[in-house]
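Accompanying notes for the structure given below.
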Amino acid sequence: MSQLSASRTGGIDVRATVKGVRDDIVTIQLLLDEQGDFYPIIKNELVHICPQRRADDERQEYLKAEVLRVRLGEADVQVFESTRGVAVGDPVEQTGDMLSVLLGPGLLGQVYDGLQNPLEVIASGHGYFLPRGLDVSGIDTSKKWAFQPRVSVGARVSGGDCLGVVQEGRFTHQIMVPFQLSGEAEVSWIQEGSFTVTTVVARLRSVSHRRNANSLQTDGLSAQDDVIEVSMMQRWPVRIPLSTPMLKSGRSQRCYPNVPLLTSIRLVDTFFPVAKGGTACIPGPFGAGKTVLQGLIARFSDVDIVIIVACGERAGEVVETITEFPNMPDPKGGTLMDRTIIICNTSSMPVAAREASIYTGLTLAEYYRQMGYNALLIADSTSRWAQAMRETSGRLEEIPGEEAFPAYLDSSVRALYERAGVIQNNAGQQGTLTMIGTVSPAGGNFEEPVTQSTLRAVKTFLGLSADRAYKRAYPAIDPLLSWSRYTDQVSGWYIYTLGDDWLLRVNEAQQWLRDAQAIEQMMQVTGEEGVTLEDYCTFLKAKFLDEVFLQQDAFDTVDASTPMSRQNEQLRLIQRVMDSLPAFDDKAAAQHYFMRITGLFKNLNYSAETSPDYATFKAQLFSK
Ligand code: ADP
Numbered sequence: 003m004s005q006l007s008a009s010r011t012g013g014i015d016v017r018a019t020v021k022g023v024r025d026d027i028v029t030i031q032l033l034l035d036e037q038g039d040f041y042p043i044i045k046n047e048l049v050h051i052c053p054q055r056r057a058d059d060e061r062q063e064y065l066k067a068e069v070l071r072v073r074l075g076e077a078d079v080q081v082f083e084s085t086r087g088v089a090v091g092d093p094v095e096q097t098g099d100m101l102s103v104l105l106g107p108g109l110l111g112q113v114y115d116g117l118q119n120p121l122e123v124i125a126s127g128h129g130y131f132l133p134r135g136l137d138v139s140g141i142d143t144s145k146k147w148a149f150q151p152r153v154s155v156g157a158r159v160s161g162g163d164c165l166g167v168v169q170e171g172r173f174t175h176q177i178m179v180p181f182q183l184s185g186e187a188e189v190s191w192i193q194e195g196s197f198t199v200t201t202v203v204a205r206l207r208s209v210s211h212r213r214n215a216n217s218l219q220t221d222g223l224s225a226q227d228d229v230i231e232v233s234m235m236q237r238w239p240v241r242i243p244l245s246t247p248m249l250k251s252g253r254s255q256r257c258y259p260n261v262p263l264l265t266s267i268r269l270v271d272t273f274f275p276v277a278k279g280g281t282a283c284i285p286g287p288f289g290a291g292k293t294v295l296q297g298l299i300a301r302f303s304d305v306d307i308v309i310i311v312a313c314g315e316r317a318g319e320v321v322e323t324i325t326e327f328p329n330m331p332d333p334k335g336g337t338l339m340d341r342t343i344i345i346c347n348t349s350s351m352p353v354a355a356r357e358a359s360i361y362t363g364l365t366l367a368e369y370y371r372q373m374g375y376n377a378l379l380i381a382d383s384t385s386r387w388a389q390a391m392r393e394t395s396g397r398l399e400e401i402p403g404e405e406a407f408p409a410y411l412d413s414s415v416r417a418l419y420e421r422a423g424v425i426q427n428n429a430g431q432q433g434t435l436t437m438i439g440t441v442s443p444a445g446g447n448f449e450e451p452v453t454q455s456t457l458r459a460v461k462t463f464l465g466l467s468a469d470r471a472y473k474r475a476y477p478a479i480d481p482l483l484s485w486s487r488y489t490d491q492v493s494g495w496y497i498y499t500l501g502d503d504w505l506l507r508v509n510e511a512q513q514w515l516r517d518a519q520a521i522e523q524m525m526q527v528t529g530e531e532g533v534t535l536e537d538y539c540t541f542l543k544a545k546f547l548d549e550v551f552l553q554q555d556a557f558d559t560v561d562a563s564t565p566m567s568r569q570n571e572q573l574r575l576i577q578r579v580m581d582s583l584p585a586f587d588d589k590a591a592a593q594h595y596f597m598r599i600t601g602l603f604k605n606l607n608y609s610a611e612t613s614p615d616y617a618t619f620k621a622q623l624f625s626k
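Numbering (my numbering), first residue to last: 3 to 626.
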């Protein structure tokens, strides 16, 4: 509840007033200062619109808005909430801050909206209808955390260095020197004990302290006479990659992603790998299995932290995500929610908040990456995010590009995915941020602008096919359409872990699929009779590979998740079975044989490797 009582009180420092309102875009008129100049305002600064008409409960509302465009004496701002009742002349207050998130222990397990309002806290205080203009802290300010210093008085530190740690669930959460602090500071005082996130735990004395130019104001870092007080919570502007200052100062480094993110989904890990710290997109029409696939990736991927950004799906789907997810058991123990943060906006929430939600998610993921963790961000769906951008751009009357998306769609999409990557932090620990975005192209048409822009930005494309979903061939990732540009980058890992012949074997299996496609097309015209027995066997081989390896049952406890070592063993087994095929007299005999081994192999997939069944089915595969 203390998060709610953190709502601010006090007067309004008016520096501008409302001049015009158009949906969620408000034009504000800047006022003049004592010298007769307009008060300064900066693009992306956060302002509060303070309607004079009071809310039903007589509260003064502070509607958060972000400056999008500045002209002489006025600016256009996008309001993150409904602008109902906002009138010309209403006061506007500048915050001097950019749209930011709070960072500190207590983020894991939370469900936020796009502006980091904790939905559960709000729901418990105000019911499920979010009141407008409420200022709620994203982190519980009453909870105490046991802080253990990792540096002593006299130590020289810089932005992003670890000052101490607290235990957040199963994770050691690093309390880092505020990122904006460039140059060096000396620890003049630090205390150990149990504190709230707002308590000052350390004081630093600036040695060569310059503030980062990107930050308008530095919360969590208050400098007086060059003494900087540090608490366990800090703020970071969401539109700027969090590692920027540490990379600029050279204390952190960007590294090359060269290890795969193992998802335990055979089609992904074996055929279309995503690198840890890499990017992938999953476009697919409605009903093609996007939700199930994302759930599997979130649950079984070998990452520490999962951040799910559900932006703008229908309310029902979002409710499904936030009710199902917390109860999902985590294969690593506990529940999945213990290491997850959900950010959700339904399509009924204002578009601006939806647009911001991905940046909020990215910043939270970057925060954990900076501590050396492997974070995975799943954005569902980036089409809704792009549509939000389109709506705002339309209201600003910008020149539209293809399908009325703004001309900068491509660069905005690229900028999102560029925030993924591998970072070696100030202490030399490697953290990764992998970003997987789903795209929901209307009618499953991959030619539309958002899918096309995304395909130019990502390095793995897992295209879901309506046709495969219709045949219930799940996961419905189309093996002939999808691609991964990480194959070379991560090949060293695969060869080292699975043997020199790994890539050769994967290529061979992919070749069966390509060969079979041509044969299948021929058979559609001529029927089975039109192809030779040899071609028919090639077709059956690919079908076998599809049914027993590419397809994977998400609802079977064993088959849902296949560790890489077992994927390797399975592929080897499939190839051995194919190498020892008997000579068939005719197509019927071939078909009969393949039917039998498909059944056996499926049973093998459903059996734990240690079970007696596994050995039995395996032996039967080779009995003629
Ligand atoms: P989308 O989110 O693309 O609309 P869903 O993920 O909800 O589609 O999938 C639709 C249905 O397809 C699911 O209810 C489920 O029955 C089935 N399905 C999807 N993926 C799998 C899978 N990997 N294994 C088994 N069934 C699946």
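In this text, a Cβ means the ideal position worked out from N, Cα and C, and glycines have one as well.
Residue pairing by DSSP places Val81 opposite Ala67 in a beta bridge. For Gln426 and Phe181, the gap between their C-alpha atoms comes out near 15 Å. According to the DSSP secondary-structure assignment, Arg207 is paired through a beta bridge with Glu188, Val229. Fully enclosed alpha helix (DSSP H) runs of no fewer than 4 residues occupy 384-397, 411-419 of the segment 375-448, in order along the chain. Counting only runs of 3+ residues, the beta strand (DSSP E) found wholly inside the segment 9-45 occupies 16-24, 27-32, in chain order.
DSSP places Leu506 in the helix class (H, G or I) of the three-state scheme. As a beta-bridge residue in DSSP terms, Ile310 pairs with Ile344, Ile380. Runs of beta strand (DSSP E) with 3 or more residues, each lying fully within the segment 541-618, are absent.
Assigned with DSSP and collapsed to three states, Pro247 falls in helix.
Counting along the chain, Asp99 sits inside the beta strand (DSSP E) bounded by residues 93-100. Within 10 angstroms of the beta-carbon of Val527 lie fewer than 16 other beta-carbons, which makes it exposed. Under the 10 Å beta carbon count, Gln569 is surrounded by 16 or more other beta carbons and is classified as buried. Counting only residues of its own chain and dropping the five nearest sequence neighbours on each side, Val167 has a CB closer than 8 Å to the CB of Phe149, Gln150, Arg152, Thr174, His175, Gln176, Ile177.
In the structure shown, the three-state DSSP call for Ile242 is coil. Within the same chain, Cβ atoms closer than 6 Å to the Cβ of Ala367 are found at Ile309, Ala377, Leu379, Leu435, the five residues on either side in sequence being excluded. Listed as beta-bridge partners of Phe197 by DSSP are Trp147.
Secondary structure note for Gln296: its alpha helix (DSSP H) is the uninterrupted segment 292-302. Relative to ligand 1, the nearest heavy atom lies less than 7 Å away from the CB of Gln554. Relative to ligand 1, Gly291 has its C-beta within less than 7 Å of a heavy atom. Using a 10 angstroms sphere on the CB of Ala610, the tally of other CB atoms stays under 16, which defines it as exposed. Per the coordinates, the alpha-carbon of Arg24 lies some 14 Å from the alpha-carbon of Arg71.
Per DSSP, Ala282 is one residue of the beta strand (DSSP E) stretching across 281-285. Residue environment: Gln54 is assigned as exposed (fewer than 16 neighbouring CB atoms within 10 Å of its CB, all protein chains considered).
Within the same chain, Cβ atoms closer than 7 Å to the Cβ of Gly156 are found at Glu188, Val189, the five residues on either side in sequence being excluded.
With the rule of 3 Cβ pairs closer than 8 Å, the segment 477-489 counts as touching the segment 265-275. Residue environment for Ser567: exposed (fewer than 16 other C-beta atoms within 10 angstroms of its C-beta). Shown here, Pro451 sits in a helix according to DSSP, grouped into three states. Shown here, Glu170 sits in a strand according to DSSP, grouped into three states.
For Gln255, the enclosing beta strand (DSSP E) begins and ends at 255-257. Three or more Cβ pairs closer than 8 Å define a contact, and the segment 294-313 meets that threshold against the segment 550-567.
If you draw a straight line from the Cα of Tyr41 to the Cα of Leu33, it comes to about 6 Å.
DSSP places Ala520 within a helical segment (H, G or I) once states are collapsed to three.
In the three-state reduction of the DSSP assignment, Met178 falls in the strand class, which pools E and B.
Secondary structure at Ser266: coil, using DSSP grouped into helix, strand and coil. Residue nearest to Thr456 within the set Thr600, Ser613, Gly439, Ala67 is Gly439 (criterion: CA-CA distance). Distance from the CA of Gln169 to the CA of Met373, rounded to the nearest whole angstrom, comes to 13 Å.
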